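For the sequence shown, the positions run 215 to 421 when our numbering is used.
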Amino acid sequence: MAVNHAESPPRLEPGPLLAATHNQGKVEELKALFEPHGFRVVSAIELGLDEPEETEATFAGNALLKARAAMRASGLPALSDDSGLAVTALGGEPGIYSARWAGEPRDFYRAMERVEDALQASGSADRSAKFVCALAVAWPDGLEAVFEGEVHGTLVWPPRGSQGFGYDPVFVADGETITFGEMAPDRKHAMSHRAAAVKKLRAALLA
Ligand code: ITT
């Protein structure tokens, strides 16, 4: 899905690209996905930008909010990523609250355990889930665009693997036997929710 708030959004010109995220795992993945196309990804962490409060109710809304805040703080076109794990038997939770389920300071083993406990308590045998990623771009002239990607799979317990970040060690994509946590980064990048969103963004905004 591409929700273009612009009649015809400008092209993204290869060069420096401000990644409006404070999550180092996302920065690494956005680098791997964009740098082969001529971009040099600079993150909000490197620029010391403030982290805005995520007050919207959707992935796309929060992605736009983060891109807008970084664009205003830097004066540069900004790319943000709002993403999360939506578990079918939990009615889509933790969804936009995926980072918040890890508490402060963030502890993703605890977040994965919380998902597993909720699944057990639900009594459901359905362990299906999906990762969702909304990528938003905000330009200094006020134009904006959002692109969403998903990957469907199953949750396993206990967690397996130390690659990736967040909930990767409990997620097995459909058709795979190993978790994203056990998978080489290039292979995850060929099938992930983030890669699906990047593909749509590239088709719309890159020459
Ligand atoms: P920013 O807002 O600064 O970008 P964040 O970590 O707070 O960083 P989100 O609010 O979008 O980002 O939270 C998304 C969470 O969902 C993230 O912290 C991960 O735990 C999880 N997540 C998203 N994509 C993931 C992926 O590819 N693999 C594993 N977990 C992922």
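Glycine included, every Cβ here is placed at the ideal spot set by N, Cα and C. Values in this document were obtained by computation on a predicted structure and should not be read as measured data.
Query: DSSP three-state call for residue 366: helix, strand or coil?; Result: strand
Query: Using 8 Å for Cβ pairs, my map puts residue 304 next to residue 271. What's the rounded Cβ distance?; Result: Not confirmed; about 17 Å, so no contact.
Query: Can you name the residues that DSSP bridges to residue 296?; Result: 348
Query: Per DSSP, what are the beta-bridge partners of residue 254 in this structure?; Result: 230
Query: By the DSSP assignment, the beta strand (DSSP E) with residue 248 in it spans what residues?; Result: No beta strand (DSSP E) contains residue 248, which is instead part of the alpha helix (DSSP H) from 238-248.
Query: Considering only the beta carbon of each residue, do residue 419 and residue 254 sit closer than 8 Å?; Result: no
Query: For chain B, find out if any of its Cβ atoms is closer than 8 Å to the Cβ of residue 412; answer yes or no.; Result: In the structure shown, chain B does not exist; there is a single protein chain.
Query: Check whether the Cβ atoms of residue 324 and residue 316 sit closer than 8 Å, and answer yes or no.; Result: yes
Query: In whole angstroms, what separates the C-alpha of residue 275 from that of residue 237?; Result: 18 Å
Query: Going by the DSSP bridge assignment, what does residue 301 pair with across the sheet?; Result: 343
Query: Can you tell me the Cα-Cα spacing of residue 216 and residue 264, whole angstroms?; Result: Any reading at residue 216 must be qualified, since the residue scores a pLDDT of 47, below 50, and its modelled position is unreliable; no value is offered.
Query: Would the beta-carbon of residue 408 be found less than 7 Å away from any heavy atom of the ligand ITT?; Result: yes
Query: Can you look up residue 385 in the DSSP assignment and give me helix, strand or coil?; Result: strand
Query: Report whether the distance from the Cβ of residue 396 to the nearest heavy atom of the ligand ITT is below 7 Å.; Result: no
Query: Under the rule that 16 or more other beta-carbon atoms within 10 Å means buried, what is residue 312, buried or exposed?; Result: buried
Query: What residue range does the alpha helix (DSSP H) around residue 334 cover?; Result: 322-336
Query: From 227, 291, 228 and 247, pick the residue whose C-alpha is nearest to that of residue 258; which is it?; Result: 291
Query: Closer than 5 Å from C-beta to any heavy atom of the ligand ITT: which residues, in chain order?; Result: 235, 236, 237, 296, 297, 298, 312, 313, 380, 381 and 382
Query: Report back the beta-carbon spacing between residue 358 and residue 411 to the nearest angstrom; my notes put them in contact at under 8 Å.; Result: Incorrect: roughly 15 Å between the Cβ atoms, too far for contact.
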